[in-house]
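*Asks:*
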Amino acid sequence: MRAALAVLAAATLWLLITPLYRMGLWLEQPNEGWNATHALNAFSGGLYPPPGSFIINNYPPLWFYLTGGLARLGADPIFAGRVIAFLSFIATAVAIFAILRRLKASVSAAIAGALCFVLILAGLLASYIGLSEPQMLAHALVAFGAAVLVRADNARTAALAAVLTVIGLFTKHVVIALPLASLAWLLIYRRHLLLPWLVAGAVSGFASLGAWLALHANVMSNMLFPRVFALPTFGKNLALITKALVPLAIYGAVAWRRRAVRDEAMMFAALAIAAGLLALLIFGGAQGVSINVVFDLIIAASIGLGLAWDRIEALSAQANGWRVAIIAVLLIRVGSGVPYANVALAFDARERARLQEQSSVLVALRDRLKQVKGPVACEALSACIWAGHRNEVDLWKLHFETTLGPFMDTRVVLQGITEGHFGAVVLFGRSNPVLDRQLPGLATALTAGYAAPEVLGGVVSLFPPKKSR
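For the sequence shown, the working numbering begins at 102 and goes up steadily by one.
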């Protein structure tokens, strides 16, 4: 069995090569520039922009305090955020191990559950590993809160678990599965700890909320900014359940065979899985929500797999054979869905060259933007941050993602472009009728206010103002 787990660990480590390599490159990745923009405003009074702004912040503040504080000490908020996010990813795996051990799982079961989480993300959802974004830190905090709770035997320990959970939710507020599972589990099995858990959570939560509202104006207008819900987005995100299908199926099969047995640990996993599905249903239809919406479910399913790993012993005399089969099926599932680039980096020089070329394009764009004076309007938010420009307009969400445009008077932005207000306008690709339907009139405004674009690397267009302006 040790050999089978070693194979699983080796495959997992191999799949981490690409995310680790990517972390050190100058790459434009989802959310990083947006998060860095707000991090740089964390201590300036502008963390939550006023109504009428063309960039909003609908995240709680703790990530921005952390990365913004590091930026004030001289760190780059994006690269520092990547390191924190990767360490948080590893910490989440450690927390899964801790949850399983504190639910009385064996060491091998806890290792299997933790590796299941790492393998699925590294193989099927690797773009989020080491991404400068608060989600993984929030998961780590909430998961450690759950780990503390499941073996809590006194009010003080339950209160500590609640405080960790609140800190996680004030890092990113969508990581709700383990908190909901913890609440339900306490109601069923640990009612004597429910009150201290709720009181500690309420006191720390309301105190944090009060400080948040007192320190920052415009919090509510940002947090309650309308969202676009779309059935295609919901369907696409619902399909992410397939990423967790193997551990879900294994847990479900074992749980069904043991349905007559009272098992607190298996019930905790069941509650976490149900809450993960609920989170997917609640958030999955929002435009702009992507693969991270399934992380709660993958964490819960990995806990379930670890518990099932041990309970196979009571169901079959060939338990180790079944465990080898579990690892094989898990590896086949991930192997069948992993992109070539995620496994090839270590031996394919072309893949390394491809990433380095993308990085070179961003470096060239950064250096070109350093020459630009005045505000810029960017889809490439990270490049603009690296060039020293704080983004006033979230052109990515206005022009491409369409999460802002339906609720804003975009005529102000278009008028600014028409008048050459921005020192540069940066788009991925070019202005074209397909993309511009999300921001009608962009091509006309660019023609009026800006010269022909400079195209870098065939992927980024930088529109400089007309010299006559």
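Don't be surprised by glycine CBs; every beta carbon is placed ideally from N, CA and C.
Quantities reported herein were computed from a predicted structural model and do not represent experimental measurements.
Out of A215, L261 and E129, state which residue places its alpha-carbon closest to the alpha-carbon of I191.
*Replies:* When each option's Cα is compared against that of I191, the closest is A215.
*Asks:* Can you give me the C-alpha to C-alpha distance between G175 and I185, rounded to a whole angstrom?
*Replies:* Roughly 16 angstroms between the two C-alpha positions.
*Asks:* Is A263 helix, strand or coil by DSSP?
*Replies:* A263: helix per DSSP, three-state reduction.
*Asks:* Check whether the stretch 298-313 touches the stretch 363-375, taking contact to mean three or more Cβ pairs, one atom from each stretch, closer than 8 angstroms.
*Replies:* The stretch 298-313, when compared against the stretch 363-375, does not touch it at the 8 angstroms Cβ threshold.
*Asks:* Quick check on this structure: which residue in S391, G436, G521 and I399 has the alpha carbon closest to the alpha carbon of I342?
*Replies:* The candidate whose alpha carbon is nearest that of I342 is I399.
*Asks:* What number of angstroms, rounded off, separates the C-alpha of L563 from the C-alpha of A450?
*Replies:* Roughly 30 angstroms separates the two Cα atoms.
*Asks:* If you follow the alpha helix (DSSP H) that E133 is in, where does it begin and where does it stop?
*Replies:* Segment E133 to L141, the alpha helix (DSSP H) holding E133.
*Asks:* Grab me the residues of G407's own chain with a C-beta within less than 7 angstroms of its C-beta, minus the 5 sequence neighbours each way, in chain order.
*Replies:* Correct list, in chain order: L201, A206, A210, A211, A213 and G214.
*Asks:* Are the stretch 276-293 and the stretch 161-170 touching by the rule of at least three beta carbon pairs closer than 8 angstroms?
*Replies:* With a cut-off of 8 angstroms, the stretch 161-170 and the stretch 276-293 do not count as touching, because too few Cβ pairs lie within range.
*Asks:* Kindly indicate the opening and closing residues of the alpha helix (DSSP H) around L341.
*Replies:* No alpha helix (DSSP H) holds L341; DSSP gives it neither H nor E.
*Asks:* Quick test of the definition: if touching needs 3 or more C-beta pairs under 8 angstroms, does the stretch 451-464 touch the stretch 114-128?
*Replies:* Contact holds: three or more Cβ-Cβ distances are below 8 angstroms.
*Asks:* Helix, strand or coil: which one does DSSP assign to Y290?
*Replies:* The answer is helix: DSSP assigns Y290 an H, G or I state.
*Asks:* What number of angstroms, rounded off, separates the C-alpha of P565 from the C-alpha of A140?
*Replies:* Distance between the alpha carbons of P565 and A140 is about 27 angstroms.
*Asks:* Check L528 in the structure and name its three-state DSSP category.
*Replies:* DSSP places L528 in strand when its eight states are reduced to three.
*Asks:* Hey, would you say V574 sits closer than 8 angstroms to L325, going by beta carbons?
*Replies:* Because the chain in this structure spans residues 102 to 570, residue 574 falls outside the shown range and cannot be described.
*Asks:* With three or more C-beta pairs closer than 8 angstroms as the rule, is the stretch 244-252 touching the stretch 217-236?
*Replies:* Not touching, per the Cβ criterion.
*Asks:* Check this for me: beta carbons of V347 and R412, under 8 angstroms apart or not?
*Replies:* No.
*Asks:* Output yes or no for whether 8 angstroms exceeds the beta carbon distance between A196 and A241.
*Replies:* Yes; because the gap between Cβ atoms is below 8 angstroms, this pair is in contact.
*Asks:* Please confirm whether A373 and I404 have their CB atoms less than 8 angstroms apart.
*Replies:* Yes.
*Asks:* Contact defined as beta carbons within less than 8 angstroms: I believe R363 pairs with T138. What is the distance between those atoms, to the nearest angstrom?
*Replies:* With a Cβ gap of about 51 angstroms, R363 and T138 do not count as contacting.
*Asks:* So the candidates are F508, A465, G389 and L148; which of them puts its Cα closest to the Cα of R555?
*Replies:* One detail in the question is off: residue 555 reads as Glu in this sequence, not Arg. It is A465 whose Cα lies nearest to the Cα of E555.
*Asks:* I'd like to know whether the C-beta atoms of A331 and G386 end up nearer to each other than 8 angstroms.
*Replies:* Against a cut-off of 8 angstroms, the Cβ pair of G386 and A331 comes out as a contact.
*Asks:* Just checking: is the beta-carbon of Y122 within a distance shorter than 8 angstroms of some beta-carbon in chain D?
*Replies:* Absent from the structure is chain D; it holds one protein chain and no more.
*Asks:* Quick one: what's V430 bridged to in DSSP?
*Replies:* Beta-bridge pairing links V430 to no other residue.
*Asks:* Between the stretch 261-276 and the stretch 215-229, can you find at least three pairs of beta-carbon atoms closer than 8 angstroms?
*Replies:* Taking 8 angstroms as the limit for Cβ pairs, the verdict is that the stretch 261-276 does not touch the stretch 215-229.
*Asks:* When we look at the beta-carbon of R183 and count the other beta-carbons within 10 Å, is it buried (16 or more) or exposed?
*Replies:* Burial call: buried.
*Asks:* Take V63 and list the residues in its own chain whose beta-carbon comes closer than 7 angstroms to its own, dropping the five residues that flank it on each side.
*Replies:* Any answer about residue 63 is impossible in this case: the structure gives the chain only from 102 up to 570.
*Asks:* Can you tell me the Cα-Cα spacing of L543 and G489, whole angstroms?
*Replies:* Going from the Cα of L543 to the Cα of G489 covers about 25 angstroms.
*Asks:* Classify F508 as buried or exposed, calling it buried when 16 or more other Cβ atoms lie within 10 Å of its own Cβ.
*Replies:* When all chains shown are included, F508 counts as exposed.
*Asks:* Can you tell me whether H293 is buried or exposed, with buried defined as 16 or more other CB within 10 angstroms of its CB?
*Replies:* Burial call: exposed.
*Asks:* In the DSSP assignment, find the alpha helix (DSSP H) that holds F384 and state where it starts and stops.
*Replies:* Start and end: E365 to F384.
*Asks:* Which same chain residues end up closer than 6 angstroms to W487 when comparing Cβ atoms and leaving out the 5 residues on each side of it in sequence?
*Replies:* Within the same chain, W487 has close Cβ partners R467.
*Asks:* What is the DSSP secondary structure of P297, reduced to helix, strand or coil?
*Replies:* Three-state result, P297: helix.
*Asks:* Can the beta-carbon of V425 be found less than 8 angstroms from the beta-carbon of A105?
*Replies:* Their beta carbons are under 8 angstroms apart, which means V425 touches A105 by this criterion.
*Asks:* Quick one: which unbroken alpha helix (DSSP H) runs of 4-plus residues sit fully inside the stretch 420-484? Chain order, please.
*Replies:* DSSP runs (the alpha helix (DSSP H)) wholly in the stretch 420-484: 420-438, 441-445 and 450-471.
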